[in-house]
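Undergrad: Dropping a structure here in C-alpha cells format, bear with me for questions.
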Amino acid sequence: MDKQIEFTALLVEDSMSLGALYTEYLRAEGAKVTLVHYGQDALSELAKWQPELLILDIKLPDISGMEVLETVQKKYPDISVIMITAHGTIDIAVDAMRAGAFDFLVKPFDAKRLSITLRNALKQKELFNLVAKYENSLPKANFQGFIGNSLAMQAVYKTIDSVANSKASVFVVGESGTGKEVCAHAIHNAGSRRDKPFVALNCASIPKDLIESEIFGHTKGAFTGAHANRDGAATRAHGGTLFLDEICEMDLELQSKLLRFIQTGVFQRVGGSREEKVDVRFISATNRAPWDEVKAGRFREDLFYRLHVIPIELPPLRMRGKDILLLAKRLLKEYNREEGKSFARYSEEAIQSLLRYNWPGNVRQLQNVVRQAVVLGSGQQIELSMLPQLIDSNHQPSGSRVANEPSCDKQPLPQIEAVVAATDATNKSLIGDELSFSETALAPDGHIQPLWLSEKQTIEAAIAQCDGNVPKAAALLDISASTIYRKRQSWEEKQEADA
Ligand SMILES: Nc1ncnc2c1ncn2[C@@H]1O[C@H](COP(=O)(O)OP(=O)(O)OP(=O)(O)O)[C@@H](O)[C@H]1O
C-alpha cells in the first residue's frame with residue numbers, strides 16, 4: 001500500500017448515510033474531514049477555512065453543487081474539487097470539469113475508486129505548488145509596476161510581498177526618482193486592501209497652513225475659504241492605505257497630531273469637535289536620512305518609531321546594473337508608441353554610455369533622457385549623439401554617494417542633475433528661453449561660473465517662472481520640492497561660509 005498522506009477535506013453530501021460512508025473512506029486515506037449537507041453550509045465553511053480537497057455532490061437540497069463550484073473557482077481557485085454525480089447527471093459532471101473541477105465520481109463508488117481519484121487530485125495539486133514555488137524563486141523582471149530584475153530589486157519585491165497583507169507601517173527611503181511612490185502603490189496593490197482607496201499626500205508640496213486640513217479635513221467656516229465641510233486624506237483612505245510622501249518635510253506641530261492619529265486611528269477635523277475613527281495603513285517615504293532628521297530635531301523620534309516599523313530602501317539606479325538597459329528598452333517602446341516613432345534599439349556606444357552614467361535623478365532622469373532622444377531624434381537606432389550631452393560625455397559613476405545624503409553640494413551630481421533638468425525643461429518649453437545651457441553656465445561677464453551657481457540660477461528661474469510656486473517649479477524640473485528646499489538651505493550655508 002502507498003504511503004499515507006495527511007490532508008484536509010470538505011465533503012458536501014446531502015444523504016446522511018452516504019455522507020457517513022464517504023467520511024470513513026476519506027479518513028482511511030488520511031483526510032481530516034468536515035461533512036456538511038447543504039451548499040450554503042459549504043460556502044460558510046469555506047469562508048472560514050479552505051480545505052485541500054472539496055468533494056461536492058452536484059444535487060443538494062438548497063443551491064446546486066454547480067453554484068458552489070462557481071464560487072470556489074472565483075474565490076478559492078487553489079482548492080481541488082471532485083464532483084459526485086448520479087448516473088443521470090453525468091453531463092452536468094462533465095460541465096463541472098469544464099468549469100474547473102478536477103474530476104468526478106459516479107455513485108455508487110467504493111473506497112478504492114475514491115482513493116485513486118483523490119490521490120490524483122492531490123498529486124496534481126502538489127505539482128502546481130511546486131511550479132508556483134519555482135516561479136516565485138525566479139528573478140522577476142516586472143513586479144507591481146516596477147521594472148527591474150537586479151538582485152537589489154528582487155530583495156525589494158520579496159519584502160513588498162511579505163508586508164503587503166500586514167497592517168504594519170512601512171517606511172520607504174531612497175533617492176529622488178528611485179520609485180518610492182511606485183513602491184507604496186505596489187504594497188497597496190499586492191495586499192488585501194487593494195480594493196480599498198490608496199490616498200497619497202505629498203507633505204512637501206502642500207503649504208504648511210493647509211496640510212492639517214488636507215490630512216484631517218475641515219468643517220465649514222473653520223478658516224477663511226472653508227466654504228463647506230471637506231473630508232481629508234484620513235477619511236478618504238478609510239479601509240485602505242494612506243501614503244505620506246516626503247514625511248520629513250512635515251511641520252513639527254503637525255507631527256504630534258499625526259502621532260496621536262497613528263496610535264489611535266482617531267482624529268478631529270480642523271474646526272471640528274467630534275472625534276472620528278478610521279482604519280488606515282500607513283506608508284511613509286522620504287529621500288532624506290530619517291534618523292539624521294531625528295537627530296537634528298526636525299523629525300519626532302516617537303513618530304519615527306511609529307512609522308519606521310518595516311523599512312524598505314530603494315537602491316539608486318546606478319547600483320542596479322543591467323536594470324538600466326531593461327528600463328531603457330521598455331521606455332523606448334513606450335515613447336515610440338506615444339510619439340509615433342520607430343526606434344528599435346540603442347547603438348552599442350549608447351548602451352555603454354547609459355551603463356556608465358551615474359544617474360543622479362534615477363529612473364525619472366532616465367525617462368527624461370529616453371523621451372528626449374525619441375522626441376528629437378529619428379531613425380531606427382538611438383545613437384550616442386542623440387543622448388543629452390552629459391550622458392554623451394560619459395561621467396564616471398561615483399559609486400560612493402550614500403542614499404538619502406542630506407546635502408549633495410560636494411558631489412558633482414547636482415550639477416549634472418540641474419543641467420539635465422534644464423535641458424529637459426527647455427525641451428518641454430516649460431521655462432521658455434530663459435534657461436538655455438549657455439545662459440545658465442556662463443556668468444554675465446562671459447566667464448564660466450561654478451556649476452552650483454548655474455544650478456541655483458536654473459532653479460530660481462524656474463521658481464520665478466512659476467510665480468514663486470516651489471512645488472510647481474519642482475514638478476516642471478522633475479525633481480522633488482524637498483530637493484529644492486534642501487538645496488536652498490545648502491546655498492545659504494555656502495554663501496554664509498563664503499561671506
Ligand atoms: N523600477 C521602476 N520601474 C519602472 N518605473 C519606475 C521604477 N522606479 C521608478 N519608476 C518611474 O520613475 C518615476 C519616478 O518614480 P517615483 O515618483 O515613484 O519616485 P520617487 O522616489 O517617489 O521620487 P521623489 O522622491 O522625487 O518623489 C515614475 O514615473 C515611476 O513610474
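Just so you know, the UniProt record's numbering puts 333 at position 333 of the sequence shown, and the rest follows in order with no gaps.
Backbone N, C-alpha and C fix where the C-beta goes; we use that ideal spot for every residue, glycine too.
Note that the structure is predicted; figures quoted are calculated from it, not measured.
Given a cut-off of 8 Å on the beta-carbon distance, is the pair Ala152 and Met319 in contact?
TA: Here residue 152 refers to the residue found at position 152 when the sequence shown is read from its first residue. Here residue 319 refers to the residue found at position 319 when the sequence shown is read from its first residue. Contact: yes.
Undergrad: Determine whether the beta carbon atoms of Phe146 and Ser284 lie at a separation below 8 Å.
TA: Taking the sequence shown and counting its residues from 1, the one referred to as residue 146 is at position 146. Taking the sequence shown and counting its residues from 1, the one referred to as residue 284 is at position 284. No, the pair does not count as a contact, with Cβ atoms beyond the cut-off.
Undergrad: Less than 6 Å between C-beta atoms, sequence neighbours within five positions excluded: which residues of the same chain meet that for Ala42?
TA: Taking the first residue of the sequence shown as position 1, residue 42 is located at position 42. Here the set comprises Val12, Val36 and Val68.
Undergrad: Step through the CB atoms of chain B and report whether any lies within less than 8 Å of the CB of Lys107.
TA: Although the question refers to chain B, the structure presented lacks it and comprises just one protein chain.
Undergrad: Given a cut-off of 8 Å, decide if Asn129 and Asp103 are closer than it, judged by their beta-carbon atoms.
TA: What you label residue 103 is simply residue 103 of the sequence shown in a count that begins at 1. What you label residue 129 is simply residue 129 of the sequence shown in a count that begins at 1. No, these two residues do not count as a Cβ contact at 8 Å.
Undergrad: What is the DSSP secondary structure of Pro290, counted as helix, strand or coil?
TA: Along the sequence shown, one-based indexing puts residue 290 at 290. Residue state, collapsed to three classes: helix.
Undergrad: Closer than 8 Å is the cut-off here; do at least three beta carbon pairs connect the region 249-261 with the region 293-312?
TA: Taking 8 Å as the limit for Cβ pairs, the verdict is that the region 293-312 does touch the region 249-261.
Undergrad: So within the region 119-190, which uninterrupted alpha helix (DSSP H) runs reach at least 4 residues, ignoring any that extend past its ends?
TA: Runs of the alpha helix (DSSP H) inside the region 119-190: 151-163 and 180-190.
Undergrad: Are the beta-carbon atoms belonging to Leu242 and Val280 less than 8 Å from one another?
TA: For the purposes of this step, residue 242 is identified with residue 242 of the sequence shown, where counting begins at 1. For the purposes of this step, residue 280 is identified with residue 280 of the sequence shown, where counting begins at 1. In this structure, Val280 lies closer than 8 Å to Leu242 by Cβ.
Undergrad: Which residues bound the beta strand (DSSP E) around Thr34?
TA: As a working note, residue 34 is residue 34 in the sequence shown. Looking at the DSSP string, the run of the beta strand (DSSP E) that includes Thr34 is Ala31 to Val36.
Undergrad: Tyr357 by DSSP, collapsed to three states: which one?
TA: Position 357 of the sequence shown holds residue 357. Coil.
Undergrad: I'd like to confirm something about Val173: is its beta-carbon nearer than 7 Å to some heavy atom of ligand 1, or not?
TA: Counting from 1 along the sequence shown, the entry for residue 173 is found at position 173. It does not: the Cβ of Val173 is nowhere closer than 7 Å to a heavy atom of ligand 1.
Undergrad: Can you have a look at Ser44 and say buried or exposed, based on whether 16 or more other CB atoms are within 10 angstroms of its CB?
TA: As a working mapping, residue 44 is identified with position 44 in the sequence shown. It counts as exposed.
Undergrad: Report yes if the CB atom of Ile84 is closer than 8 Å to the CB atom of Ile58, and no otherwise.
TA: Walking along the sequence shown from the start, residue 84 turns up at place 84. Walking along the sequence shown from the start, residue 58 turns up at place 58. The answer is yes: Cβ separation under 8 Å.
Undergrad: Spatial neighbours of Gly191 within its chain, please: CB distance less than 6 Å, with the 5 preceding and 5 following residues excluded, ordered by chain position.
TA: Position 191 of the sequence shown holds residue 191. Around Gly191: Ala164 and Asn165.
Undergrad: Using a Cβ-based criterion (distance less than 7 Å to any ligand heavy atom), does Ser80 qualify as near ligand 1?
TA: Looking up residue 80 in the sequence shown gives position 80. No.
Undergrad: If you count every other CB in all the chains shown that lies within 10 Å of the CB of Asn368, and 16 or more means buried, which is it?
TA: The count along the sequence shown starts at 1 and reaches residue 368 at position 368. Classification of Asn368: buried, given that the 10 Å Cβ count is 16 or more.
Undergrad: As a quick check of your reading: which residues have a C-beta less than 5 Å from at least one non-hydrogen atom of ligand 1, in chain order?
TA: Taking each Cβ in turn, the ones that pass are Phe146, Ile147, Gly148, Ser176, Gly177, Thr178, Gly179, Lys180, Glu181, Val182, Asn287, Val363, Arg364 and Ser480.
Undergrad: Are the CB atoms of Gly174 and Glu313 within a distance shorter than 8 Å?
TA: Residue 313 sits at position 313 when you count from the first residue of the sequence shown. Residue 174 sits at position 174 when you count from the first residue of the sequence shown. The answer is yes: Cβ separation under 8 Å.
Undergrad: Which partner residues does Pro311 have in the DSSP bridge list?
TA: Position 311 of the sequence shown, counting from 1, holds the residue named residue 311. Phe171.
Undergrad: Identify, in the order they occur along the chain, each residue of the same chain with its Cβ nearer than 8 Å to the Cβ of Ser342, setting aside the five sequence neighbours on each side.
TA: On the sequence shown, residue 342 is found 342 positions in, with the first residue counted as 1. The residues are Asn336 and Gln380.
Undergrad: Whole angstroms are fine: how far does the CA of Ser378 sit from the CA of Ala344?
TA: The residue given as residue 344 occupies position 344 in the sequence shown. The residue given as residue 378 occupies position 378 in the sequence shown. In a straight line, the C-alpha of Ala344 is about 11 Å away from that of Ser378.
Undergrad: For Val294, which residues from the same chain have a beta carbon less than 6 Å from its beta carbon, with the 5 sequence-adjacent residues on both sides left out?
TA: Here the question's residue 294 lines up with position 294 in the sequence shown. Glu301 and Phe304.
Undergrad: Give the DSSP-derived three-state secondary structure of Met250 in the structure shown.
TA: Stepping through the sequence shown from its first residue, residue 250 is reached at position 250. Correct three-state label for Met250: coil.
Undergrad: CB-CB under 7 Å to Arg371, same chain, minus the five flanking residues each way: which ones, in chain order?
TA: Taking the sequence shown and counting its residues from 1, the one referred to as residue 371 is at position 371. Counting only Cβ-Cβ distances below 7 Å, and skipping sequence neighbours, we find Tyr335.
Undergrad: Which class does Ser15 belong to by DSSP, given the choice of helix, strand or coil?
TA: Translated into positions along the sequence shown, residue 15 becomes position 15. Ser15: coil per DSSP, three-state reduction.
Undergrad: Considering just the uninterrupted stretch of the alpha helix (DSSP H) at Ala222, what are its terminal residues?
TA: Here residue 222 is taken as the residue at index 222 of the sequence shown, counted from 1. Note, Ala222: premise wrong, no alpha helix (DSSP H); not H, not E.
Undergrad: Val375 to Ser353, Cα distance in whole Å?
TA: For the purposes of this step, residue 375 is taken as residue 375 along the sequence shown, with counting starting at 1. For the purposes of this step, residue 353 is taken as residue 353 along the sequence shown, with counting starting at 1. Near 19 Å, if we compare the C-alpha coordinates of Ser353 and Val375.
Undergrad: I need the DSSP call for Asp231, collapsed to helix, strand or coil.
TA: Here the question's residue 231 lines up with position 231 in the sequence shown. Reduced to three states, the DSSP call for Asp231 is coil.
Undergrad: What is the DSSP secondary structure of Asn469, counted as helix, strand or coil?
TA: The residue you call residue 469 lines up with position 469 of the sequence shown. In the structure shown, Asn469 sits in coil (DSSP, three-state: anything other than H, G, I, E or B).
Undergrad: If we count the other Cβ atoms within 10 Å of its Cβ and call it buried at 16 or more, is Asp209 buried or exposed?
TA: Counting from 1 along the sequence shown, the entry for residue 209 is found at position 209. The residue in question, Asp209, is exposed, as its Cβ has fewer than 16 Cβ neighbours within 10 Å.
Undergrad: Hey, quick one: how far does the beta strand (DSSP E) through Met319 stretch, first residue to last?
TA: Against the sequence shown, residue 319 aligns to sequence position 319. Unbroken run through Met319: none, as it is neither H nor E.
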